[in-house]
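Under my numbering, the first residue of the sequence shown carries the number 32, and numbering increases by one thereafter. We treat Cβ as the ideally placed atom computed from N, Cα and C, and that holds for glycine. Read the structure below first, then the notes.
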Amino acid sequence: MAELIKIILNFSERAGEIARSIRREPKLFSLLVEEKGESEKNQRFTHDFKTLADVLIQEALRHYLTQMVLDGNQEAADILADVVHSDISWSPEPELIEKIPNLPIEKLGIWIDPVDSTGEYVKGKTGTTQGNIYSQGLQCVTVLIGLYDRMSGLPVGGVINQPFAVFNEESKSWQGRVYWGVSHGGINIHNVPLDTYNTEDGRPVLVMSSSEDTKIQDKFNKTFTVLHATGAGYKLLVVALGYAAACVSSKGSTFRWDTGAPHGLLTAQGGGVVIFKQLDHLTKEGKEVLKICTRDNVSFAEARNTTLRYISNHGDTHAEVLSQHKAQRTVAVTPP
32 MAELIKIILN FSERAGEIAR SIRREPKLFS LLVEEKGESE KNQRFTHDFK TLADVLIQEA
92 LRHYLTQMVL DGNQEAADIL ADVVHSDISW SPEPELIEKI PNLPIEKLGI WIDPVDSTGE
152 YVKGKTGTTQ GNIYSQGLQC VTVLIGLYDR MSGLPVGGVI NQPFAVFNEE SKSWQGRVYW
212 GVSHGGINIH NVPLDTYNTE DGRPVLVMSS SEDTKIQDKF NKTFTVLHAT GAGYKLLVVA
272 LGYAAACVSS KGSTFRWDTG APHGLLTAQG GGVVIFKQLD HLTKEGKEVL KICTRDNVSF
332 AEARNTTLRY ISNHGDTHAE VLSQHKAQRT VAVTPP
């Protein structure tokens, strides 16, 4: 199934190049922004946008460009056509190709977020770091492609493309990075160089949105150093990279297309994602997880290992219903 992964990786990089090109070309950027309607808007944000990049990346996956998006602008159309049809080749690392397991293609579903953290994409500013984590800026923008088994709901794999990962001062251009993982049939592979980052006092880092309730942040600050970042995909990516030990989202503003790709990547690493709703009404074990993880004196290792055991025992309801994409309250954890 290396060919399937290669196709998805190639598409993710094509999507990344589309995102970079639209930011780079004034003719394209002038067509960029349309504010979402009330039914589409994330209720956390006063202004929420969908962009030409969102639309084009989705349609590029179907090999289709609409004249409505281009609005008759021939010069813009020519620029986009060059990007969409450019020769982009991005293959899995040679040492990993042979390890990719056979995937049940006929059972696979795909969640795509063409441009996650659209607000930062529209602003177009370079971010600043806290430790290894960007709190905002183009570095927080990601293209997310998640694979899951439609029958079981289990995550099968994920690709996260970071189009604006590094700014090259010499060429004055952005370079991207691609992270991917596959988890199926007891085989887990990924290309992520896991790092472990702690603050100077040795406390593990927890990443969350700055809009989280201050009482929740204060509680976590007893055990963790809490850092803020924007973009659900990016926050989960820094967990996968080991820059943060965990990510918590207590508000219902995270959707399946946000978590699909990073969930697949984290699962391939031995980590995972828990939806709080699963713990509310399921089993005695689920309630015990909440009790342990919210104790004032709980150590990070105990909370993480308890959560990972729960993930291992209960799997995931990532696709309870194929069409369901309700907002989630989630916690993501790294492998031990």
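| message | Along the chain, where does the beta strand (DSSP E) containing N41 start, and where does it finish? | response | Start at 1 with the first residue of the sequence shown, and residue 41 comes out as number 10. Not the beta strand (DSSP E): N41 falls in the alpha helix (DSSP H), residues 33-55.
| query | Expressed to the nearest angstrom, what Euclidean distance is found between the alpha-carbon atoms of A271 and I220? | reply | Looking up residue 271 in the sequence shown gives position 240. Looking up residue 220 in the sequence shown gives position 189. Their backbone Cα atoms lie some 13 angstroms apart in a straight line.
| Assuming G283 and W142 make a contact with CB atoms under 8 angstroms, what is their CB distance in whole Å? | Against the sequence shown, residue 283 aligns to sequence position 252. Against the sequence shown, residue 142 aligns to sequence position 111. In fact, because the Cβ distance is near 17 angstroms, the residues do not count as touching under 8 angstroms.
| What are the residues that DSSP puts in a beta bridge with Y265? | Reading the sequence shown from its first residue, position 234 is the one you call residue 265. Beta-bridge pairing links Y265 to no other residue.
| field | Under 8 angstroms between C-beta atoms of P145 and A46 | value | Residue mapping note: residue 145 aligns to position 114 of the sequence shown, counting from 1. Residue mapping note: residue 46 aligns to position 15 of the sequence shown, counting from 1. Closer than 8 angstroms, so yes.
| Taking Cβ to Cβ, would you say L268 is nearer than 8 angstroms to Y179? | Along the sequence shown, one-based indexing puts residue 268 at 237. Along the sequence shown, one-based indexing puts residue 179 at 148. No, Cβ-Cβ distance for L268 and Y179 is not below 8 angstroms.
| task | Measure the Cβ-Cβ separation of H259 and S281 and say whether it is below 8 angstroms. | result | The count along the sequence shown starts at 1 and reaches residue 259 at position 228. The count along the sequence shown starts at 1 and reaches residue 281 at position 250. Contact: no.
| said: Here's the rule I'm using: 16 or more other beta-carbon atoms within 10 Å means buried, otherwise exposed. How should A275 be labelled? | reply: For this step, residue 275 is matched to residue 244 along the sequence shown. Label assigned to A275: buried.
| Nearest neighbour of L6, chosen from G168, G177, K130, Q167 [CA to CA] | Summary: the structure shown does not reach residue 6, with the chain confined to residues 32 through 367, and so no result is reported for it.
| task | Quickly, what does DSSP pair A299 with across the bridge? List them, please. | result | As a working mapping, residue 299 is identified with position 268 in the sequence shown. A299 is not bridged to any residue.
| task | Could you have a look at A271 and say whether DSSP puts it in helix, strand or coil? | result | Numbered from 1 along the sequence shown, position 240 holds the residue referred to as residue 271. Correct three-state label for A271: helix.
| field | V197 burial status per 10 Å Cβ neighbour count (16 or more: buried) | value | Sequence index remark: in the sequence shown, residue 197 carries index 166 (1-based). V197 should be labelled exposed.
| field | Entirely enclosed beta strand (DSSP E) segments - the region 205-248, minimum 3 residues | value | 218-221, 236-239
| request: Could you work out which residue in V153, V174, R181, S148 is closest to S166 when comparing CA atoms only? | output: Against the sequence shown, residue 166 aligns to sequence position 135. Looking at the Cα atoms, S148 is the closest of the given residues.
| Which residues mark the beginning and the end of the alpha helix (DSSP H) in which K154 is found? | Within the sequence shown, the letter at position 123 stands for residue 154. Here the alpha helix (DSSP H) through K154 covers 149-154.
| Looking at C-alpha atoms only, which residue of W288, P194, G233 is the closest neighbour of G207? | Translated into the one-based positions of the sequence shown, residue 207 becomes position 176. For G207, the nearest C-alpha among the options comes from P194.
| Supposed close pair V213, P293 - CB separation, criterion 8 angstroms | Your numbering for residue 213 matches position 182 in the sequence shown. Your numbering for residue 293 matches position 262 in the sequence shown. With 8 angstroms as the limit, V213 and P293 do not qualify as a contact, their Cβ atoms being about 14 angstroms apart.
| query | Would you call T245 buried or exposed, if buried means 16 or more other Cβ atoms sit within 10 Å of its Cβ? | reply | Taking the sequence shown and counting its residues from 1, the one referred to as residue 245 is at position 214. By the neighbour-count rule (16 or more Cβ atoms within 10 Å), T245 is not buried but exposed.
| Test item: CB-CB of G262 and T173 under 8 angstroms | In the sequence shown, the residue the question calls residue 262 occupies position 231. In the sequence shown, the residue the question calls residue 173 occupies position 142. The answer is yes: Cβ separation under 8 angstroms.
| When the Cα of K138 is compared with those of H215, T285, T337, I306, which residue comes out closest? | In the sequence shown, the residue the question calls residue 138 occupies position 107. The residue with the shortest Cα to Cα distance from K138 is H215.
| Is F198 helix, strand or coil when you go by DSSP? | Sequence index remark: in the sequence shown, residue 198 carries index 167 (1-based). Note: F198 maps to strand in three-state DSSP.
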